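One gets my numbering by counting positions in the sequence shown from 1 and adding 212 to each.
Cβ atoms here follow ideal geometry from the backbone N, Cα and C, with glycine treated the same way.
Because the structure is a prediction, the values reported are computed rather than measured.
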Amino acid sequence: MFFPDVMFLWLLFFFFLFFPFLSCLWLSRASPRRGGLS
213 MFFPDVMFLW LLFFFFLFFP FLSCLWLSRA SPRRGGLS
């Protein structure tokens, strides 16, 4: 009964942990496609 809550907390933790990294990676990857829009 508490396992889904733990999974939700881990999901939230990983989301906040990897969101800046993924956004930076996504921006660096989409930058050349958009013509280097910083």
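Rounded straight-line distance, which links the Cα of residue j to that of residue i
| i | j | result |
| --- | --- | --- |
| Leu239 | Phe230 | 14 Å |
| Phe227 | Pro216 | 16 Å |
| Leu221 | Arg241 | 29 Å |
| Ser250 | Pro232 | Model confidence at Ser250 stands at a pLDDT of 48, short of 50, so the residue's coordinates are unreliable and nothing is read from them. |
| Ser235 | Leu224 | 16 Å |
| Leu237 | Met219 | 25 Å |
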